[in-house]
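**Student:** Chains as they are written, first to last, in the working numbering: chain A, 2 to 142; chain B, 674 to 817.
Starting off with a structure, shown below.
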């Protein structure tokens with residue numbers, strides 16, 4: 002069986018991202034391992050209560066893995082908000098919204114009714130787009 | 674302190690348009706959010722996103738208006754005001770130029786909301802925003 006285990010976001014600064022995802026979103030650190038010989042830090046976080054799914058917070062590498070021009074393009078895409086989205090769900094979006102906003106998360110969209118539930122969105126410090134949705138329970142037909 | 678690419682500040686201004694389009698918001702407010710002078714902001718925004726901040730804000734409002742026409746039975750005047758535009762006449766003109774038909778005709782063309790697939794709101798907002806079409810009433814940047 003194929004399952005989703007983790008998905009990756011590029012981040013401008015791993016310390017800043019770590020603080021945001023743990024202190025503001027309340028996620029757990031799953032791995033924070035630095036390999037100095039490779040100048041590489043493997044950093045993953047995930048929601049408490051969902052131990053089998055992580056988000057990898059990946060620093061943008063330099064040469065030879067990624068040339069400077071490409072790295073700059075990735076940085077630019079992130080800063081413009083085009084580097085991808087992670088979709089989170091919650092049982093009570095209004096409670097989660099209040100909690101996150103009190104911790105300083107700036108929402109782009111406050112919770113609004115949609116055909117599929119109540120939906121909101123915000124960004125991480127790098128500009129990555131994160132949605133937070135209370136999914137409507139569909140009545141059995 | 675992490676290095677913040679300049680475009681990140683422009684994105685804050687773009688997000689402001691998405692978050693507060695229903696208020697009497699203008700390009701000046703967007704420029705303030707980005708921490709830039711209005712002229713510099715407009716230039717940089719266009720360079721980053723390929724259109725002026727005024728065009729972005731207007732088409733965001735028109736996209737929201739079109740969505741409300743499709744999924745609600747609220748009046749055209751009510752929808753105009755609820756997307757942050759003050760003048761019904763200017764709204765109707767901009768809408769007609771953008772969508773090729775009046776708000777009323779547009780509404781009549783689309784089936785009730787229940788017929789639509791349950792696509793996330795971010796997809797609808799991003800992909801449903803129309804291409805800006807310039808016309809003389811938009812020549813004063815910041816109008817609307």
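We treat Cβ as the ideally placed atom computed from N, Cα and C, and that holds for glycine.
Can you give the beta carbon distance from residue 81 (chain A) to residue 728 (chain B), rounded, assuming they're within the 8 Å contact cut?
**Tutor:** By one-based count along the first chain, residue 81 (chain A) stands at place 80. By one-based count along the second chain, residue 728 (chain B) stands at place 55. Their Cβ separation, rounded to whole angstroms, is 16 Å, which puts residue 81 (chain A) and residue 728 (chain B) out of contact at 8 Å.
**Student:** At what residue ranges does the region 84-136 of chain A contain a whole run of the alpha helix (DSSP H), taking only runs of 4 or more?
**Tutor:** DSSP runs (the alpha helix (DSSP H)) wholly in the region 84-136 of chain A: 94-103.
**Student:** Apart from the five residues on each side of it in sequence, which residues of its chain come closer than 7 Å, Cβ to Cβ, to residue 702 (chain B)?
**Tutor:** To locate residue 702 (chain B), count along the second chain from 1; it is residue 29. Answer for residue 702 (chain B): 689, listed in chain order.
**Student:** Would you please state the rounded distance, in angstroms, between the beta carbons of residue 56 (chain A) and residue 87 (chain A)? I believe it to be under 8 Å.
**Tutor:** If you number the first chain from 1, residue 56 (chain A) lands on position 55. If you number the first chain from 1, residue 87 (chain A) lands on position 86. Contact holds; Cβ gap of about 6 Å.
**Student:** Using only alpha-carbon positions, find the residue among A:36, A:64 and A:108 that is nearest to residue 26 (chain A).
**Tutor:** Taking the first residue of the first chain as position 1, residue 26 (chain A) is located at position 25. Among A:36, A:64 and A:108, the Cα nearest to that of residue 26 (chain A) is on A:108.
**Student:** Thinking residue 184 (chain A) and residue 127 (chain A) are a contact (beta carbons under 8 Å), I'd like their distance in whole angstroms, please.
**Tutor:** There is no way to answer for residue 184 (chain A), as the model of chain A reaches only from 2 to 142.
**Student:** Going by the beta-carbon positions, is the gap between residue 692 (chain B) and residue 100 (chain A) smaller than 8 Å?
**Tutor:** Translated into positions along the second chain, residue 692 (chain B) becomes position 19. Translated into positions along the first chain, residue 100 (chain A) becomes position 99. Cβ atoms of residue 692 (chain B) and residue 100 (chain A): not closer than 8 Å.
**Student:** Kindly say whether residue 726 (chain B), judged by its beta-carbon, lies nearer than 8 Å to any beta-carbon of chain A.
**Tutor:** For the purposes of this step, residue 726 (chain B) is taken as residue 53 along the second chain, with counting starting at 1. No, no contact with chain A.
**Student:** Express the C-alpha separation of residue 62 (chain A) and residue 19 (chain A) in angstroms, rounding to a whole number.
**Tutor:** Stepping through the first chain from its first residue, residue 19 (chain A) is reached at position 18. Stepping through the first chain from its first residue, residue 62 (chain A) is reached at position 61. So the two alpha carbons sit approximately 17 Å from each other.
**Student:** In the DSSP assignment, find the unbroken alpha helix (DSSP H) run with residue 681 (chain B) in it and report its ends.
**Tutor:** Here residue 681 (chain B) refers to the residue found at position 8 of the second chain. Unbroken alpha helix (DSSP H) run through residue 681 (chain B): 679-693.
**Student:** Given 8 Å as the limit, is there contact between the region 48-55 of chain A and the region 113-127 of chain A, that is, 3 or more CB pairs closer than that?
**Tutor:** No, they do not touch.
**Student:** Report yes or no: is there a C-beta of chain B within less than 8 Å of the C-beta of residue 120 (chain A)?
**Tutor:** Taking the first residue of the first chain as position 1, residue 120 (chain A) is located at position 119. Yes, residue 120 (chain A) lies at the interface with chain B (some Cβ there is under 8 Å from its Cβ).
**Student:** Is the beta carbon of residue 24 (chain A) sitting closer than 8 Å to the one on residue 91 (chain A)?
**Tutor:** Sequence index remark: in the first chain, residue 24 (chain A) carries index 23 (1-based). Sequence index remark: in the first chain, residue 91 (chain A) carries index 90 (1-based). Going by C-beta atoms, residue 24 (chain A) is not nearer than 8 Å to residue 91 (chain A).
**Student:** Shortest alpha-carbon distance to residue 747 (chain B) belongs to which of B:770, B:771 and B:777?
**Tutor:** Sequence index remark: in the second chain, residue 747 (chain B) carries index 74 (1-based). Nearest C-alpha to residue 747 (chain B): B:777.
**Student:** Below 8 Å on the Cβ atoms is my contact criterion, and I expect residue 28 (chain A) with residue 46 (chain A) to pass it. Report the Cβ-Cβ distance as a whole number of Å.
**Tutor:** Taking the first chain and counting its residues from 1, the one referred to as residue 28 (chain A) is at position 27. Taking the first chain and counting its residues from 1, the one referred to as residue 46 (chain A) is at position 45. With a Cβ gap of about 4 Å, residue 28 (chain A) and residue 46 (chain A) count as contacting.
**Student:** Spell out whether any CB of chain B is found under 8 Å from the CB atom of residue 110 (chain A).
**Tutor:** If you number the first chain from 1, residue 110 (chain A) lands on position 109. Yes, because at least one Cβ of chain B sits closer than 8 Å to the Cβ of residue 110 (chain A).
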